[in-house]
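Count along the sequence shown from 1, add 1, and you get the number used in my numbering.
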Amino acid sequence: MNHKTSNNITECSHITVSIEVEPDNQIVSSLLSLRPEVNSIIVSKAEFLQNMAKSIATANNLQIMFDEFGHPFFLFKDQAKKKRLVGIEAIKSHILAARAVASILRSSIGPCGMDKILVSPDGDLTATNDGATILEKMDVGHPIAKLMVELSKSQDEETGDGTTGVVVLSGALLQQAEFLLERGIHPVKIADGFDQASQIVCRHLDSISEKYPAVSDNKELLIQTAMTTLNSKIASRCVRQLAEIAVDAVLSVANFETKDVNFEMIKIVTKPGGSLEDSMLVKGVIIDKDFSHDQMKREVKDAKIAILTCPFEPPKPKTKAKFEISTVEDYQKLFEYEQATFVEMINEVKKCGANLVCCQWGFDDEANHLLMMHGLNAVRWVGGSEIELVAIATNGRIVPRFSELTPEKLGRAGIVRSLKFGTTDASMLAVENCPDRRVVTILLRGATELIVDEVKRSLHDALCVVRNLIKDDRIVYGGGSAEISCALKLYSEAEKAEGLEQYSFRAFSQALEDIPLALAENAGLLPMQTLADLKAVHVRENKPHFGVPSLANSVGDMKAEKVFETLIGKKQQVMLATQVALQNMAKSIATANNLQIMFDEFGHPFFLFKDQAKKKRLVGIEAIKSHILAARAVASILRSSIGPCGMDKILVSPDGDLTATNDGATILEKMDVGHPIAKLMVELSKSQDEETGDGTTGVVVLSGALLQQAEFLLERGIHPVKIADGFDQASQIVCRHLDSISEKYPAVSDNKELLIQTAMTTLNSKIASRCVRQLAEIAVDAVLSVANFETKDVNFEMIKIVTKPGGSLEDSMLVKGVIIDKDFSHDQMKREVKDAKIAILTCPFEPPKPKTKAKFEISTVEDYQKLFEYEQATFVEMINEVKKCGANLVCCQWGFDDEANHLLMMHGLNAVRWVGGSEIELVAIATNGRIVPRFSELTPEKLGRAGIVRSLKFGTTDASMLAVENCPDRRVVTILLRGATELIVDEVKRSLHDALCVVRNLIKDDRIVYGGGSAEISCALKLYSEAEKAEGLEQYSFRAFSQALEDIPLALAENAGLLPMQTLADLKAVHVRENKPHFGVPSLANSVGDMKAEKVFETLIGKKQQVMLATQVARMILRIDDVRSMSDNSSYPEIE
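Encoded structure:
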């Protein structure tokens, strides 16, 4: 871009500037606004000047100008066709954009505010009612609307809370400003009046605030203030627990002398799965990694931690250089150098006294093995922020080189332990009991990733609020009480004012009243009546702490309800909202009822959100009903699959692969679900599967039934947040009642039959029901083999499931040992090895190669021969090392060529190659062997032992597997599953996994409830009785929850071919008349069945998890009143 001033025009009194840019460039308008003396801007192109043929001399028309050569040109491209909005009309156009943004957030304010779902172009979902997050994720196009986004962001950065309120207040100020503009008041006068009003409001907030000194000793105030913030979030069901976590975290890192809180010392870690109640505060650091080797100890007590930022590999020069090797000797030297370096690094770590290595970088399997072999635990790929927190918490020093390690630089921790979650292999490390107690980590759990992410945002707001109260220990009361008090103050100041500012004061006062109006509207109250009642209380009784209640009353005492807000946050909200309102006064009257189409200052139409004209959106109650419909559609798919008579589904992938199953998690995982609400149901089923391993179908069916009942309550005019809160209370009653009707079976290790019957209950609904007893016994025996009854833990990593299509289900078996899905590497090797001594290798049968990248060139025949001889000698040396240690079987993770294979066979050694990493670790554990990374380290003590290793043949094919049996460590077991087809075998594997999880759950909590829908009927009757006692709106939610629970036995009866309603009526009669909570839907043709006599058991832990997860998702969906997609695709595919 070239800027140049034309000095040839001397006869004009003004300045002419020529800018060689595109005619529409924004610099034109910028210069006009910045330099009023510049009233003529020349924008031209060379080719345009050449094509000009006519000169129009019009002195007062700035559209056509002349250069020093008399050539005509246009000031702006096509300016004659443009209608430009200026002055008041331009301001109104700006306000329209700002108010449109505020209207989006209005329904999200307060404890009864609704959530929004935002869909990114990649299909990622965000569910939130946090104003800053909503606006950040939205694709806002208008520059004025972007200012509102920046407003919310500024509030979030300054105080961490009130991001929704500040935008709503700014929008209300602009609405009032428009009314004043219509009355002819100049916008500058309005702005000055608003500025004075905001100062009056801030002074009044100071006067009505209350001081709570020594907040460090007044923990309850901090908790109540945090609860006020959390009550408007999805985390409201655990509001007290999360508030206490937030307060404890802030108090741990707060400096009360400087009134400072270092948020960098508070780490928040999320783990989807489980319930919100599982969230916890750890005084220390949680690292989102596990120990690097499965054979390392699961916990390290009195940890001495070497904190490294250097990798476990030979050091490399930073200068790029070409590395060439020309001789075999140099090749060997390089390899030996690397090996020596590894050993030297290990020795440096051990010499300083460390027993745990925390490394920022990764290291290969050889280094990992060496660490394990030397008794050192390690964790690799630790993030930069995490490693810094570990160093601070443990008082350690981050070391960039091994040579700098000293005992003084080691970090100390009382314990470093591995945290396991549900049935998955996911683990984290907790570094606890550290010297520096300022570092804390908050671990958040929740049904789905969507819920956990929103809880994280909510907790961040709570942390910020507590921090603000430490900075300034003054509070005001919430529920709109402070706004009403300030509004009344401004009314009185307006009566005293004599100038135009009196109108601005009244307008500002009415804008403040928009906050309690929105709160009342969102709470399902009559907004104007509620505001009138509150103003009357404020004026008549002089009680500035009365505001909009969260219950059905018209007024509420916020002081008695302990609804606090920080003074610093409230004042920041007023000041920021005023600042933005002063910049954005406008709304176009012509488009007052159409917020989609906007106009810029040139009169050009645009959309507030990109491509909004293509999108058909539902908001409010209609949106909630639409979401419920999507969720129910998913639930209806699974409804016919529940219970022992449930039907299977066949799912066809885009590649034509088939999956036949009635497992809810598998069905939903394989479905191509596009609707964001339907994706929530998929996440729900996945969470149930990860936490308990069973009940994945029931949890979705129950959630769909809850939402169906919620729709009926919405039709009756009950606010969705009231329904959600009622459901939450109902779920707590259900969980308590499940505890009361459960039966305890102590010493389950001695009561094997109970475990088998519980596993059979799970398997009866699967394709494997024809061999239900056999598979149940296999599952129980497998779990009992690996269970630790002291810690009530079951290590599923010690149970391997292998499938082999062909044969029948009855051919399935449990092997006490390991089955390797490979055969011996040579056909002439023996088919079985008795009294096996196994060399377990992670090094290949080939000459060792250095890890350093180098170019190896051979230029002579002699060197070529040397290389060949070196390789042959290496092969022989490897064989001799194996034979010398006494091994008669080689188990190798890597492959080896035919020459090495032949040599092994010739020396009478059996071998198996390409054994997977998980398999070779299980072989090492089962045989008490050590995994060896180098042949030179082989010793008799490191060999694994097994009574027999034999080849298993299947049918007429060449397919074989190896069974390693009669091992010293009987904890490792393998389940071999057979079946007619791969489709059947895969489904049996899923079924057996559920059975294993159920047995595991019964070991963790040895209480059971009875199946067949009996527990659901008993809980439904309990809720009916509680509904009769309730006096508020929750009674309707209790009855609705009760009817949703009845949908489970109804579905079971329907799938069993019974009359659903008649069966339910008969069962309820038995429950009420005979007080027998163990009667449920039978699998036979009877209308009622005694589940206790039929031995139909379910675990209490699984049933409670099902209820809690279903309620969490139903609550979330009920709180979402808007879905905004940032992609071009506005519609979602129908779920058929």
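For every residue, glycine included, the Cβ atom is placed at its ideal position computed from N, Cα and C.
Nothing here was measured: the structure is a model prediction, and the numbers come from that model.
Coarse secondary structure for residue i, derived from DSSP in three states
i              : result
proline 677    : helix
threonine 762  : helix
threonine 660  : strand
cysteine 844   : coil
asparagine 8   : Residue placement at asparagine 8 cannot be trusted, given a pLDDT of 37 that sits under 50; what the coordinates show is reported in the next sentence. In the structure shown, asparagine 8 sits in coil (DSSP, three-state: anything other than H, G, I, E or B).
cysteine 465   : helix
glutamate 900  : helix
isoleucine 186 : coil
alanine 307    : strand
asparagine 543 : coil
tyrosine 871   : helix
glycine 274    : strand
glycine 363    : coil
glycine 570    : helix
aspartate 836  : strand
serine 171     : helix
alanine 448    : coil
threonine 667  : helix
asparagine 256 : strand
arginine 507   : helix
Own chain partners of residue i with C-beta closer than 7 Å, once the 5 adjacent residues on each side are dropped
i                 : result
lysine 680        : Leu126 and Val674
glycine 442       : It should be pointed out that residue 442 corresponds to threonine in this sequence rather than to glycine. So the qualifying residues of the chain are Lys268, Val270, Val283, Gly285, Val286 and Ile287.
phenylalanine 364 : Pro312, Phe313, Glu314 and Arg381
aspartate 289     : Val270 and Met429
threonine 697     : Asp664, Gly665, Ala666, Ser686, Gln689 and Asp690
tyrosine 213      : Asn219, Leu222, Asp474 and Ile476
alanine 725       : Arg1116, Leu1119 and Arg1120
Backbone CA spacing between residue i and residue j [nearest angstrom]
i                  : j              : result
isoleucine 393     : glycine 385    : 13 Å
glycine 481        : valine 251     : 27 Å
serine 419         : tryptophan 362 : 20 Å
leucine 119        : leucine 890    : 58 Å
phenylalanine 1098 : histidine 1079 : 10 Å
alanine 731        : glycine 525    : 21 Å
glycine 1103       : threonine 762  : 13 Å
glycine 274        : glycine 423    : 8 Å
proline 806        : glycine 980    : 5 Å
methionine 559     : glutamate 522  : 18 Å
alanine 561        : threonine 693  : 42 Å
cysteine 203       : lysine 572     : 6 Å
isoleucine 949     : isoleucine 678 : 54 Å
Close Cβ partners of residue i (< 6 Å) along its chain, the five nearest in sequence each way excluded
i              : result
alanine 1023   : The sequence as given places lysine at residue 1023; alanine does not occur at that position. Contacts found: His738.
alanine 636    : Val701, Val702 and Gly705
asparagine 902 : Ser826 and His827
lysine 138     : Leu119 and Thr127
aspartate 987  : none
alanine 1054   : Pro1061, Thr1064 and Val1082
CB-CB length for residue i against residue j, believed under 8 Å
i              : j              : result
arginine 914   : methionine 799 : Going by Cβ atoms, the distance from arginine 914 to methionine 799 rounds to 24 Å, so no, they are not a contact pair.
alanine 488    : serine 510     : 4 Å
glutamate 277  : arginine 241   : The identity of residue 277 in the sequence shown is leucine, whereas the question assumes glutamate. Wrong, their Cβ atoms sit about 11 Å apart, outside the cutoff.
proline 1050   : leucine 1060   : At roughly 12 Å, the Cβ-Cβ gap does not stay under 8 Å, so proline 1050 and leucine 1060 are not in contact.
isoleucine 577 : glutamine 156  : Position check: residue 577 holds leucine in this sequence, whereas isoleucine was assumed. Confirmed, Cβ separation roughly 6 Å.
aspartate 970  : isoleucine 926 : 6 Å
Sequence-distant residues of its chain with Cβ nearer than 8 Å to residue i (five each side left out)
i              : result
arginine 951   : Arg832, Glu833, Val834, Leu963, Ala964 and Glu966
leucine 1101   : Leu739, Asp740, Ser743, Asp1006, Arg1008, Ile1009 and Val1010
methionine 146 : In the sequence under discussion, the amino acid at residue 146 is alanine, which differs from the methionine named in the question. Result list for alanine 146: Ala98, Ala99, Ala101, Val102 and Leu609, in chain order.
Taking the runs of the beta strand (DSSP E) that are 3 residues or longer, which of them lie wholly in the region 121-156? Taking only runs of at least 3 residues, the beta strand (DSSP E) segments lying wholly in the region 121-156 are 126-129.
Tell me the start and end of each unbroken beta strand (DSSP E) in the region 743-817 that is at least 3 residues and wholly inside, in chain order. 800-806 and 814-816
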